[in-house]
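**Q** Numbering (my numbering), first residue to last: 23 to 97. Note that beta-carbon positions come from the ideal geometry of N, C-alpha and C, so glycine has one too. Predicted, not measured: the structure shown is a model, and the values here were computed from it. One structure follows; several queries about it will come next.
What follows is the structure, encoded as structure tokens:
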């Protein structure tokens, strides 16, 4: 396995762990940093914001995957 693939998998695992931990924190907290009691609606909005924040790394990972696939097929 090429080093690029190993780094790609490690980066994906790190992003998945970060997203999972962040999601668990958002859904299990009772009060946010501003002291607002969290009902399902603010939790969902916070989750959507978190999801939007993780779209940029997702795009980078997809581009990295395409580059890895093209470089692997050229060998």
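Please classify residue 42: does DSSP put it in a helix, a strand, or coil?
**A** Here residue 42 corresponds to residue number 20 of the chain shown, with the count starting at 1. Correct three-state label for residue 42: helix.
**Q** What are the residues that DSSP puts in a beta bridge with residue 53?
**A** Residue mapping note: residue 53 aligns to position 31 of the chain shown, counting from 1. Bridge partners of residue 53: 59.
**Q** For residue 33, which residues of its own chain have a beta-carbon under 8 Å away from its beta-carbon, when the five flanking residues on both sides are left out?
**A** Mapped onto the chain shown, residue 33 falls at position 11. The answer, listed in chain order, is 83 and 86.
**Q** Taking the alpha carbon of residue 71 as the reference point, which residue from 90, 56 and 48 has its own alpha carbon closest?
**A** As a first step, residue 71 is located in the chain shown; it is residue number 49 there, counting from the start. Measuring from the Cα of residue 71, the nearest candidate turns out to be 48.
**Q** Let me know the secondary structure DSSP gives residue 34 once reduced to three states.
**A** Start at 1 with the first residue of the chain shown, and residue 34 comes out as number 12. In the structure shown, residue 34 sits in a helix (DSSP, three-state: H, G or I).
**Q** Leaving aside the five residues before and after residue 36 along the sequence, list all residues of the same chain whose C-beta is less than 8 Å from its C-beta, in chain order.
**A** As a working mapping, residue 36 is identified with position 14 in the chain shown. The answer is none, since no qualifying residue turns up.
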